[in-house]
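Just so you know, we're using my numbering here: the sequence shown kicks off at -13 and counts up by one. Just below is one structure, and these are the notes that go with it.
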Amino acid sequence: MSEKTFLVEIGTEELPPKALRSLAESFAANFTAELDNAGLAHGTVQWFAAPRRLALKVANLAEAQPDREIEKRGPAIAQAFDAEGKPSKAAEGWARGCGITVDQAERLTTDKGEWLLYRAHVKGESTEALLPNMVATSLAKLPIPKLMRWGASDVHFVRPVHTVTLLLGDKVIPATILGIQSDRVIRGHRFMGEPEFTIDNADQYPEILRERGKVIADYEERKAKIKADAEEAARKIGGNADLSESLLEEVASLVEWPVVLTAKFEEKFLAVPAEALVYTMKGDQKYFPVYANDGKLLPNFIFVANIESKDPQQIISGNEKVVRPRLADAEFFFNTDRKKRL
């Protein structure tokens, strides 16, 4: 039996960053369970997640279920016929359920007795016919505490859906998922690359999305790139970035094409306790603070842009302007608190 690569991508509005990983992992787990329950042989199920998409890529997916032999045991012979040898209601009901008449049933004899028996050869259903419902079921089981409805339809999902791509090899699987007809159109980055393009074969994903759409669909790859680039940026200014796992996860869920940049703030703010500054940078702005080798906070921070700018200094200056009043607020409240003795 031949095997093909299967791709499903759901293109959406920006997904909740703190839920992105769990949505993708649950989608993969649900779909894997659907494949296994259907008896469809398959290879690795790989998930992808970016702010505006959830996707799965299944390697070596069988094109059909295997044929199988089924056996259904019916009533015991003693209960299947009356004294005149006519089929009982129980026997007739069982036979109807099997799609046969009682006289077409076989008999199974064991050391415990004799029963009616139905045997049949069932041809496996095609994967193409099974996939739409399997995808829809997997999406319906996602852990979404609050669903959205958009437009005039009654479709509900975590965020509005714009595109649905279902490809088995090079063939589009016809389906309507979350109110959208499946096709081979994929949307790229909101501000870079091609706004949308077509994908010819499931094997092209995710490379085609990176090359033409300027989107790194692999969540772990984006996260690793942010970490490595932030560590290098901190090293260049003689410090160490505070790369907490939770913030790395959140930032990786906010960007499709991470570009790490370094900025600074006025040294006067270092008079404020470091905890207050760090809380503002990490909690409010999603910035990575930078510490000197002696553990003291430096007047710098690292942030991640979602675009390759022709003028990165403009983005840096903009972020410096944004953080300045927040740090000034922290300074004000700290100085105000110092006026009162405990």
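In this text, a Cβ means the ideal position worked out from N, Cα and C, and glycines have one as well.
How should F319 be labelled, buried or exposed, when 16 other C-beta atoms within 10 angstroms of its C-beta is the threshold for buried? exposed
Quick one: grab the DSSP three-state call for T123. helix
Member of S232, E253 and D228 whose CA lies at the smallest distance from the CA of V264: D228
How many Å lie between Y277 and I223 at the Cα? 10 Å
Indicate the three-state DSSP secondary structure (helix, strand or coil) for V31 in the structure shown. strand
How is E242 classed by DSSP in three states: helix, strand or coil? coil
Of the listed residues L(-7), G165 and A219, nearest to V140 (C-alpha basis): The question names Val, yet the displayed sequence has Asp at residue 140. For D140, the nearest C-alpha among the options comes from G165.
Between which two residues does the beta strand (DSSP E) carrying F255 extend? Taken as a continuous stretch (DSSP letters only), F255 belongs to no beta strand (DSSP E), as it is neither H nor E.
For the beta strand (DSSP E) that A106 lies in, which residues bound it at each end? G99 to V108
Can you tell me whether DSSP reads G269 as helix, strand or coil? helix
Neighbour-count burial assignment, Q299, 16 or more Cβ in a 10 Å radius: exposed
Is T95 helix, strand or coil by DSSP? strand
The beta strand (DSSP E) enclosing F17, as first and last residue numbers: Run containing F17: none in the beta strand (DSSP E); it sits in the alpha helix (DSSP H), L6 to N23.
Helix, strand or coil for K213, going by three-state DSSP, please let me know. helix
Under the DSSP definition of a beta bridge, which residues are partnered with S112? A50
Pick helix, strand or coil for N332, following the three-state DSSP scheme. Nothing about residue 332 can be read from this structure; the chain reaches only from -13 to 328.
Ranges of the alpha helix (DSSP H) found wholly within the stretch 168 to 243, counting only runs of at least 4: 193 to 199, 205 to 222 and 231 to 238
Proximal residues to A10 (C-beta, below 6 Å), its chain only, five neighbours per side dropped: W33, A35 and L40
Whole angstroms is fine: what's the gap from L152's alpha carbon to N321's? 59 Å
Are E236 and P3 touching if we call contact CB-CB under 7 Å? yes
Determine the DSSP secondary structure at E0, reduced to helix, strand or coil. coil
For I86, the three-state DSSP class (helix, strand or coil): coil
Check for me: the alpha helix (DSSP H) holding I330 runs from which residue to which? The requested residue 330 does not occur in the structure, where the chain is confined to residues -13 to 328.
Note the first and the last residue of the continuous beta strand (DSSP E) segment covering N286. L283 to A291
Would you give the residue range spanned by the beta strand (DSSP E) that L152 belongs to? V147 to L154
When you compare each of R208, R173 and W80 to R198 by their alpha carbons, which one comes out closest? R173
With the cut-off set at 7 Å, would you say S112 and A188 are in Cβ contact? no
For A27 versus A48, is the C-beta spacing smaller than 7 Å? yes
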